[in-house]
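Participant: Take this structure, written in structure tokens, and hold onto it; I'll ask about it next.
2 protein chains.
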Amino acid sequence: MGSQAVRLDRESILDAVERIAASEGVGKLTMRRIGSELGADPTAIYRHFRNKQEMLSCLAARMFETGPVIDREQPWQEQLRVHLRHAFNRYRAHPDLGILLARQPDDLPGLVRLADQALGLLIDGAGLSVEQAAQISHQLENHVVGCGLFFAISEYHRDPRVADPEAMRRAYALLSTDEYPYASAAAPYLFGDPDEMFDRTTDLFIEAIERQAQPAPAAEEDR
Amino acid sequence: MGSQAVRLDRESILDAVERIAASEGVGKLTMRRIGSELGADPTAIYRHFRNKQEMLSCLAARMFETGPVIDREQPWQEQLRVHLRHAFNRYRAHPDLGILLARQPDDLPGLVRLADQALGLLIDGAGLSVEQAAQISHQLENHVVGCGLFFAISEYHRDPRVADPEAMRRAYALLSTDEYPYASAAAPYLFGDPDEMFDRTTDLFIEAIERQAQPAPAAEEDR
DNA sequence: CACCGATGTCAATGCTGTTGACAACGGCGA
DNA sequence: TCGCCGTTGTCAACAGCATTGACATCGGTG
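Residue numbers (the working numbering), protein chains in the order written: chain U, 1 to 223; chain R, 1001 to 1223.
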């Protein structure tokens, strides 16, 4: 019966995985489901990846293999904004994969390149010391991951009670005003747009970087 | 053969789960393993929890059921620091559970109470408007989750190559100086203590809150 | 043509969570 | 003391999972 109908390769398999993850969520990612998506036997995948874990690692690597398009004419603040937003958008593209990624950070080359870019912007652009830049870069990384995960949680849940910000606001508004006076009062303002929140925190970091860069170089503003 | 030796209840089961999660990681959390830890049949658990998911939700709820001890005599900055550190420490206690929690945020009452406390500090303490406080509280939440997850990633991996900051620094130092000039140069300063990083970002937020609270009250604070 | 490595297929293995039938316990009323 | 019965532990079984080894088929090379 071996009709040998389909011919697979790593890319087409990863495409199928990405398709399933996007439409049905990472929970539905089983070898059998991937096989059916490809129209092939599930175990055929093992001819191209050692196991499921390796397959997902490759997918994560592919997610970060294209870097942001940065206009080096812009001020470093704007470049940094574009850079961070690009990383954040990777999480937006496939919310679940962020969580997945967290479990297997086999130092992907794409991530190292992103870190290198960020450090470059902080050192050459903002004029931070290497040490300052190293610290801030980790803080920025956490900022992206934190917001990305928050977004993932909001989008992930098929349960609309959790996924819909409006519903969450209503739920908080109905909380006991005795037990949770502040949360119930703040309900209308909670669960805002994740993108706005991301940008607000980004601005906060940029201001902090500007302040930190001030003291060291006395009179060096623009090159 | 039904010796009926052990007598279970929800608490003792959750204790066992927590014990296994702490010592062997969430990956080893199987009903059979939990059963063996309890010296009982795995399926006995189903007499106390509808399924594994509900069991883990209850565990997560228990993790956040005790709030931080806050000295209301202290300035709000210090109270907020204690508050955030408490939440962060929950993630430190069981790194894996943070990731677990991200997947099933069945609006735990403990988390709502934490949010309420934070909002109270921002409104009554720092003097922010309700709207400002709502925005900042989400940013703070992301801060905690982001750092918690970062910590989880560091601690989680049994693979010492990833878990050991020293090894990561060495790996980055060996990167090609052509391809990753900044990352290789910044290597000695990367992968610092997560606690320090957490506190640094906390300070950054507190400064931002102070600045944001400034405009309303004209002359209050130094200088 | 014959060969042979690469790759798809199939059956089987040992995990997993979960369920339904059964059995033992312990508290209840008589 | 008896019998009842709900609660809860036990056991065998099931479906679904990732993975493996034996086998079949393809496509290119001599």
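We treat Cβ as the ideally placed atom computed from N, Cα and C, and that holds for glycine.
Are the beta-carbon atoms of Leu84 of chain U and Thr202 of chain U separated by less than 7 angstroms?
Facilitator: yes
Participant: State yes or no: is the beta carbon of Tyr180 of chain U nearer than 7 angstroms to at least one beta carbon in chain R?
Facilitator: yes
Participant: Is Ile1020 of chain R close to chain U, meaning its C-beta is less than 7 angstroms from at least one C-beta of that chain?
Facilitator: no
Participant: With 7 angstroms set as the bound, which would you pick, yes or no: does the beta-carbon of Cys1058 of chain R sit closer than that to a beta-carbon of chain U?
Facilitator: Closer than 7 angstroms: no.
Participant: So for Arg1169 of chain R, helix, strand or coil by DSSP?
Facilitator: helix
Participant: Helix or strand or just coil, what does DSSP make of Ile209 of chain U?
Facilitator: helix
Participant: Unbroken alpha helix (DSSP H) runs of length 4 or more, entirely within the stretch 1018 to 1088 of chain R: which are they?
Facilitator: If only complete runs of 4 or more residues are kept, the stretch 1018 to 1088 of chain R shows the alpha helix (DSSP H) at 1031 to 1038, 1052 to 1063, in order along the chain.
Participant: Could you pull the start and end residues of the alpha helix (DSSP H) that Gln1117 of chain R belongs to?
Facilitator: 1109 to 1120 is the extent of the alpha helix (DSSP H) around Gln1117 of chain R.
Participant: Can you find a CB in chain U that lies within less than 7 angstroms of the CB of Tyr1189 of chain R?
Facilitator: Answer yes: the Cβ-Cβ gap between Tyr1189 of chain R and chain U drops below 7 angstroms somewhere.
Participant: Quick one: does Ala1208 of chain R have its CB under 7 angstroms from some CB of chain U?
Facilitator: yes
Participant: Applying the 10 Å Cβ sphere with the 16-neighbour rule, what's the burial state of Asn142 of chain U?
Facilitator: buried
Participant: What are the boundary residues of the alpha helix (DSSP H) that includes Pro942 of chain R?
Facilitator: Because chain R in this structure spans residues 1001 to 1223, residue 942 of chain R falls outside the shown range and cannot be described.
Participant: So which residues on chain U does Gly1067 of chain R lean against when the C-beta distance must stay under 8 angstroms?
Facilitator: Neighbours of Gly1067 of chain R on chain U: none; closest Cβ ~12 angstroms, over 8 angstroms.
Participant: Three-state secondary structure (DSSP) at Gly1125 of chain R?
Facilitator: helix
Participant: Less than 7 angstroms between the beta carbons of Ala183 of chain U and Tyr172 of chain U, yes or no?
Facilitator: yes
Participant: Going straight from the alpha carbon of Val1069 of chain R to that of Val1082 of chain R, what length do you get?
Facilitator: 8 angstroms
Participant: Hey, does Ala1183 of chain R have any beta-carbon neighbour from chain U nearer than 7 angstroms?
Facilitator: yes
Participant: Check the Cβ-Cβ distances between Gly120 of chain U and every residue of chain R, and say whether any is below 7 angstroms.
Facilitator: When Cβ-Cβ separations below 7 angstroms define contact, Gly120 of chain U makes contact with chain R.
Participant: CA-CA distance, Arg169 of chain U and Val17 of chain U?
Facilitator: 34 angstroms
Participant: Taking 7 angstroms as the CB-CB limit, is Ala1186 of chain R close to chain U?
Facilitator: yes
Participant: Rank R:Lys1052, R:Ser1057, R:Leu1122 by C-alpha distance to the C-alpha of Pro1075 of chain R and give the top, closest one.
Facilitator: R:Leu1122
Participant: Is Leu149 of chain U closer than 7 angstroms to Ala133 of chain U when the C-beta atoms are compared?
Facilitator: Taking a C-beta distance under 7 angstroms as the contact criterion, Ala133 of chain U and Leu149 of chain U do not qualify as a contact pair.
Participant: I'd like to know if the stretch 11 to 31 of chain U and the stretch 49 to 60 of chain U are in contact, where contact means that at least 3 CB-CB pairs between them fall below 8 angstroms.
Facilitator: yes
Participant: Between Leu1008 of chain R and Leu1174 of chain R, what straight-line distance do the alpha-carbon atoms span, to the nearest angstrom?
Facilitator: 54 angstroms
Participant: Could you tell me how far apart the beta carbons of Leu128 of chain U and Ala60 of chain U are, in whole angstroms, since I believe they sit closer than 8 angstroms?
Facilitator: Actually they do not touch by this definition, with Cβ atoms about 29 angstroms apart.
Participant: Pull up the distance between the alpha-carbon of Arg1024 of chain R and that of Ile1206 of chain R, whole angstroms please.
Facilitator: Contrary to the premise, residue 1024 of chain R reads as Glu rather than Arg in this sequence. If you take the alpha carbons of Glu1024 of chain R and Ile1206 of chain R, they lie about 37 angstroms apart.
Participant: With 7 angstroms as the C-beta to C-beta threshold (strictly closer), list the residues of the stretch 1066 to 1096 of chain R near chain U in chain order.
Facilitator: So the list is empty, because no residue satisfies the distance condition.
Participant: Around the C-beta of Tyr46 of chain U, are 16 or more other C-beta atoms found within 10 angstroms, so that it is buried, or is it exposed?
Facilitator: exposed
Participant: Nearest by alpha-carbon distance to Ala1208 of chain R: which of R:Gln1139, R:Phe1151, R:His1086, R:Ala1093 is it?
Facilitator: R:Gln1139
Participant: Measure from the C-beta of Leu1204 of chain R to each C-beta in chain U and report whether the shortest distance is under 7 angstroms.
Facilitator: yes
Participant: Contact criterion: CB-CB distance below 7 angstroms. Does Leu1128 of chain R meet it with respect to chain U?
Facilitator: no
Participant: Excluding sequence positions up to five away, which residues of its chain have a Cβ less than 8 angstroms from the Cβ of Gly1067 of chain R?
Facilitator: His1086, Gly1110, Arg1113, Leu1114, Gln1117
Participant: Check the Cβ of Gly192 of chain U against every Cβ in chain R and list those closer than 9 angstroms, keeping chain order.
Facilitator: Ala1134, Gln1135, His1138
Participant: Could you tell me which of U:Glu65, U:Gln135, U:Asp164, U:Arg32 sits nearest to Phe1191 of chain R, measuring between CA atoms?
Facilitator: Among U:Glu65, U:Gln135, U:Asp164, U:Arg32, the Cα nearest to that of Phe1191 of chain R belongs to U:Gln135.
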